[in-house]
Structure formats: structure tokens, C-alpha cells
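These protein sequence lines are chains H and X, in that order.
Residue numbers for the first sequence follow the working numbering, so the first one is 1076 and each next one is one higher.
Residue numbers for the second sequence follow the working numbering, so the first one is 1076 and each next one is one higher.
The C-beta atom is built at its ideal place from N, Cα and C for all residues, glycine as well.
Bear in mind the structure is a predicted one, so any value in this text is a computation, not a measurement.
Reviewing the structure listed below.
Protein chains: 2
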Amino acid sequence: MLFSTATGYALRALAALPEDGTYCLAKDLSSRLGLPGPYLAKILQGLVQADILASVRGPKGGFRLTRPAHRITVGEVVTAMEGPDAMDGCVMGFPACSGEHPCPLHDAWSAVKSQVSTSMTEATIRDLQLLDIRHKKEAKDRAPNSAQA
Amino acid sequence: MLFSTATGYALRALAALPEDGTYCLAKDLSSRLGLPGPYLAKILQGLVQADILASVRGPKGGFRLTRPAHRITVGEVVTAMEGPDAMDGCVMGFPACSGEHPCPLHDAWSAVKSQVSTSMTEATIRDLQLLDIRHKKEAKDRAPNSAQA
DNA sequence: GGCTATTCGGACTTTTAAATCCTTAATAGT
DNA sequence: ACTATTAAGGATTTAAAAGTCCGAATAGCC
């Protein structure tokens, strides 16, 4: 993967939150997604500090998005998780590599970076929700009787 | 960086080896490149097992390429270091992401992957040597008197 | 032919990321 | 006010990467 596992978990969790402003429990998210519970909880805390999630404690509490899902970009989440210069530097780690002294992968990688950056600023959490829904729907279509065999 | 630091070190070390079949000391390489000596040595060992380097122990020993530099591709080195499926899987770590259920970055990332893969199988260690030489030459041109001020 | 210096090879330690646990604080319902 | 519930935050553990150290092998010398 291009990013850390924590970033992947963050994106999956955000995509799994309900679209109405309902508060959702960390525990529910982790069990639904099959992710390590306490670890996910910590990641969610980070997203609260990044103003992507809001949280309330106590009964009926939980986490929810601070904005509608289509207003939160994937890039924003990645930046919050990985820091602003996650994709800087040479692909191969060549210190000498630069625009003036490009390594053999420099141009390909630059193209890649701008392409991925653009996609990340265009893609939103809403798009990830759609992926998830589509996936589940088709699984259901494949086996319409919920009982096995 | 897209790969581990070890992979970067491996590529830098290979590019720094002499083109004639002369054996070269791990220690020399590390001091020349400013890399942690024993760690580089371990990486070189791995490259020996991958049949990219040959080594002999004892005085006058060291490491050398098993083939001319233009016959060793960057991709081969990366595979040796990172394993064959270093670039598999979804960019964001979405398990549901696939060709049929693409995540919003799927196409951009697929394009990237094939682009980088192609570049990696075309680029050879020889190309990295050239980068290095060019870099040094220009540094020399900037300061023709080797003494500082 | 054995001795010694040199250099690789593999086991060992340190650091960092990933994941867990536990205590504290806040809130809703009783 | 009290209790149950849930996030917040720190302390701890585990796993993996990064980095270090000691023993095996070879060449040259006496």
C-alpha cells in the first residue's frame, strides 16, 4: 500500500459512518469492519483533532462526521494521518534526484504523484461509501436467500 | 518513498560499484555513500543470495556485480528487496477494491503502477551510475578548485 | 603448514510503528 | 445524586524494520 495501515483504517472507518449525523460507536465500527478496536479508537481520536470527526462521550455518544461526506476529501484525510509531505522525495530514495538530476523513474513518478494527488483531492468520503454499498449490494444479489445452502 | 530505505540503499550501492569486475569492500561503499556500514553489509548479503552480487571473503575480497550493470534492472533489485508483490493491493488498503469494484483512486493507481513497473524493468543499474556521474561532474564544474575559498 | 590480518555471514540489539490496556472524564438516564 | 455508558489520553506490549556486533572463511606472510 502507498500509505500506512492506520490511514487505510481511517478511510474505511469514515466510509462506514452513517450519512445522517447519527453518532456511531467506535466499537461498532471496529466489529463491523473487522479492525482492531482500541487501535481504531485511537485513530478516530486523531480524526477528531483534525476536525474531520466530532465526538461526544457518554451514553448515546460516539463519533460522526463534522461535514457531509462529499465535503471531506480523501486527500484531507491522508494529510491528517500522514502529514503534509507524505509523497515527497525520490521514489528510490536517491538524495541526488531532482528535477535537474532526475533518476530514471523521476518523470514516471512525478506524473504518478500529481495524478494521485489530483484524484485524492477530487475523491471524497462519499465516493468510498458508494464503493462499499455497491460491494455489499452485489454480494446480496449473488445469494438472495440469507440462509446458507 | 515508495519503497523501504533498504531498497534505496541497495540501489545506491549497486550504482556505486565499479563497472569492471573489481571486488569492492562493503566498508568503502558505506563510507563513500555515507550509509550505515553494517546495515549496508547485510543488504549486500541479500543481494548476493538474489544472484545480483557475487562476494568473496578475506583479503582482496568484497562484492561485485554478477553481470554488467546494464543487464541488471531496477525492477529486479526492487523485487529482490521487497518481494514480488510489493505493489499489489489497493492504494488505500480497501479490501473490497478490485477491477470490478474500483475505489476512487483505483484507476489512477493502476496507471501509476504499470507506468512505474515499466520504467523499473527498463531502467538498469547503468542508468543509475550515469545519474551519479553526472551529479558529481556538475558539482566539480561548480567548484573547479578543490580547496574551499 | 600454521599464523595473522582482512572481509563476508549470520545472530543480536535498538528503534519505530502497530496494537492493546487501563485509568480518567464526560454525559444520559434513573 | 448515582450509575451505566462511552470517548480521551496515557502507559504498555508486540511486531517489524533499521542498525550493530561477533564468529567463519580466505589470502598473504613467515
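Using the beta-carbon of each residue, which ones in chain H are nearer than 8 angstroms to residue i?
i	result
M1076 (chain X)	G1164, C1165, V1166, M1167, G1168
L1019 (chain X)	Residue coverage of chain X in this structure runs from 1076 to 1224, which leaves residue 1019 (chain X) outside it and unanswerable.
L1086 (chain X)	M1167, G1168, F1169
T1080 (chain X)	G1168
Does residue i come within less than 7 angstroms of chain X when only Cβ atoms are used?
i	result
G1083 (chain H)	yes
So which residues of chain H does residue i contact, with C-beta pairs closer than 7 angstroms?
i	result
A1183 (chain X)	Q1190, V1191, S1194
By the DSSP assignment, the beta strand (DSSP E) with residue i in it spans what residues?
i	result
S1130 (chain H)	1128 to 1131
G1158 (chain H)	Run containing G1158 (chain H): none; DSSP gives neither H nor E here.
Using a 10 Å radius around the Cβ and a threshold of 16 neighbouring Cβ atoms, would you call residue i buried or exposed?
i	result
I1208 (chain X)	exposed
Y1114 (chain H)	exposed
T1097 (chain X)	exposed
L1092 (chain X)	buried
S1194 (chain H)	buried
T1080 (chain X)	exposed
A1090 (chain H)	buried
A1224 (chain X)	With a pLDDT of only 37 at A1224 (chain X), under 50, the local geometry of the prediction cannot be trusted, and the value read off the model is given with reservation. With fewer than 16 other Cβ atoms within 10 Å, it is exposed.
A1088 (chain H)	buried
P1219 (chain X)	exposed
H1145 (chain X)	exposed
S1185 (chain X)	exposed
A1198 (chain X)	buried
S1105 (chain H)	buried
D1103 (chain X)	exposed
G1137 (chain X)	buried
V1187 (chain X)	buried
A1101 (chain H)	buried
G1083 (chain H)	buried
G1133 (chain H)	exposed
V1152 (chain H)	buried
P1179 (chain H)	buried
G1168 (chain H)	buried
Flag residue i as yes if its beta-carbon sits less than 7 angstroms from any beta-carbon of chain H, otherwise no.
i	result
L1122 (chain X)	no
V1187 (chain X)	yes
D1202 (chain X)	yes
Let's see if you can read the secondary structure: which residues bound the alpha helix (DSSP H) around residue i?
i	result
R1087 (chain X)	1080 to 1091
R1107 (chain X)	1101 to 1108
P1111 (chain X)	First-last for P1111 (chain X): undefined, no H or E at that position.
By the criterion of Cβ-Cβ separation under 8 angstroms, what are the contact partners of residue i in chain X?
i	result
V1131 (chain H)	Here the premise fails: no neighbours, minimum Cβ distance about 28 angstroms.
Can you name the residues of chain H whose CB is closer than 9 angstroms to the CB of residue i?
i	result
R1089 (chain X)	Note that residue 1089 (chain X) is Leu in the sequence shown here, rather than Arg. Those do not exist, as L1089 (chain X) stays about 11 angstroms from chain H at its closest Cβ, beyond 9 angstroms.
For the region 1132 to 1218 of chain H, list the alpha helix (DSSP H) runs that are entirely contained and at least 4 residues long, ordered along the chain.
List check, alpha helix (DSSP H) in window: 1149 to 1157, 1181 to 1197, 1200 to 1217.
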